[in-house]
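Visitor: Sharing a structure with you now.
Numbering (the working numbering), first residue to last: 2 to 196.
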């Protein structure tokens, strides 16, 4: 079992099972049909490829994240159907280099995304159809003044990212706002974005 924190700062308990994730019958038994996502981070790259491939066959719409140890495995995991592939070794190396070169930037990112700071969070908030925000510009939506949040980026439906978007950027249905703010403000913004 592990714990994750949500946009409102509350902890959610996630149940885990110790099974062979490459077997379709096992994935069905643990409820892949109702899963919001799958994380494949088992012992070897080959096992992760099989787990991703099995999950993708059963759920073509499922968001799948996998761990990879090598560049070769990264390509194979993407071909098998992983939406994102994470290499802990590459992330660790990049973090070490960034800490040495830009310690203030690393400190800020840790402050903005860490769980120790309950006052400030960075979240993604989707713009739903029917939302009052859909079809408005950032300037018209007035998010900073109304909710006290900073829009760091907008991920478009094609997965491109507009970093530090200008005020005339249009908010479209399916966009995901990457925002920085207090948990209560983010919850209010999420409520408006989802209705």
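Each residue gets a CB set at the ideal place from its N, CA and C atoms; glycine is no exception.
Please report the distance separating the alpha-carbon of residue 3 from that of residue 41.
Guide: The residue given as residue 3 occupies position 2 in the chain shown. The residue given as residue 41 occupies position 40 in the chain shown. For residue 3, the predicted model reports a pLDDT of 43, less than 50, meaning its position is unreliable; a value from the coordinates is still stated below. Roughly 15 Å between the two C-alpha positions.
Visitor: Could you name each continuous alpha helix (DSSP H) segment of 4 residues or more that falls completely within the segment 13-90, going from the start of the chain to the end?
Guide: Those alpha helix (DSSP H) runs which fall completely within the segment 13-90 and span 4+ residues are 25-30, 46-59, 72-81.
Visitor: Taking all protein chains shown into account, decide if residue 192 is buried (16 or more other Cβ within 10 angstroms of its Cβ) or exposed.
Guide: Your numbering for residue 192 matches position 191 in the chain shown. Residue 192 is exposed by the Cβ-count criterion.
Visitor: Taking just the CA atoms, how far does residue 74 sit from residue 31?
Guide: Translated into positions along the chain shown, residue 31 becomes position 30. Translated into positions along the chain shown, residue 74 becomes position 73. Computed Cα separation, rounded: 26 Å.
Visitor: Helix, strand or coil for residue 178 per DSSP?
Guide: For the purposes of this step, residue 178 is taken as the residue at position 177 of the chain shown. Three-state result, residue 178: strand.
Visitor: The alpha helix (DSSP H) with residue 193 in it runs from where to where?
Guide: One-based indexing of the chain shown puts residue 193 at position 192. Where residue 193 is concerned, the enclosing alpha helix (DSSP H) stretches over 184-195.
Visitor: Given residue 77, which residues of its chain have a CB within under 6 Å of its CB, disregarding the five upstream and five downstream residues?
Guide: Stepping through the chain shown from its first residue, residue 77 is reached at position 76. Result list for residue 77: 50, in chain order.
Visitor: Keeping to the same chain, check which residues put their C-beta closer than 7 Å to that of residue 120; ignore five residues upstream and five downstream.
Guide: Here residue 120 is taken as the residue at index 119 of the chain shown, counted from 1. The answer, listed in chain order, is 183.
Visitor: Under 8 Å: do the segment 95-104 and the segment 158-165 share three or more Cβ pairs, one atom per stretch?
Guide: no
Visitor: Measuring straight from C-alpha to C-alpha, what distance separates residue 176 and residue 146?
Guide: Along the chain shown, one-based indexing puts residue 176 at 175. Along the chain shown, one-based indexing puts residue 146 at 145. Going by the C-alpha atoms only, they are around 21 Å apart.
Visitor: When burial is assigned at 16 or more other CB atoms within 10 Å of the CB, is residue 196 buried or exposed?
Guide: For the purposes of this step, residue 196 is identified with residue 195 of the chain shown, where counting begins at 1. Flag for residue 196 reads exposed.
Visitor: Which stretch, first to last residue, makes up the beta strand (DSSP E) that contains residue 159?
Guide: One-based indexing of the chain shown puts residue 159 at position 158. That residue, residue 159, is in no beta strand (DSSP E); it is neither H nor E in DSSP.
Visitor: Please state the DSSP three-state secondary structure of residue 152.
Guide: For the purposes of this step, residue 152 is taken as the residue at position 151 of the chain shown. Assignment of residue 152 by DSSP, reduced to helix, strand and coil, places it in the strand class.
Visitor: Grab me the residues of residue 194's own chain with a C-beta within less than 6 Å of its C-beta, minus the 5 sequence neighbours each way, in chain order.
Guide: As a working note, residue 194 is residue 193 in the chain shown. Excluding positions up to five away in sequence, the list reads 126, 128, 132, 134.
Visitor: Over the uninterrupted alpha helix (DSSP H) stretch that includes residue 142, give me the two end residues.
Guide: Against the chain shown, residue 142 aligns to sequence position 141. Counting along the chain, the alpha helix (DSSP H) containing residue 142 begins and ends at 139-142.
Visitor: My understanding is that residue 139 touches residue 172, with C-beta atoms under 8 Å, so please give their C-beta distance in whole angstroms.
Guide: Here residue 139 corresponds to residue number 138 of the chain shown, with the count starting at 1. Here residue 172 corresponds to residue number 171 of the chain shown, with the count starting at 1. Yes, residue 139 and residue 172 are in contact; Cβ-Cβ is about 7 Å, under 8 Å.
Visitor: At what residues does the beta strand (DSSP E) containing residue 123 begin and finish?
Guide: Locating residue 123 in the chain shown gives position 122, where the first residue counts as 1. First-last of the beta strand (DSSP E) with residue 123: 122-127.
Visitor: Hey, out of 27, 17, 39, whose CA is closest to residue 86's CA?
Guide: As a working mapping, residue 86 is identified with position 85 in the chain shown. Looking at the Cα atoms, 39 is the closest of the given residues.
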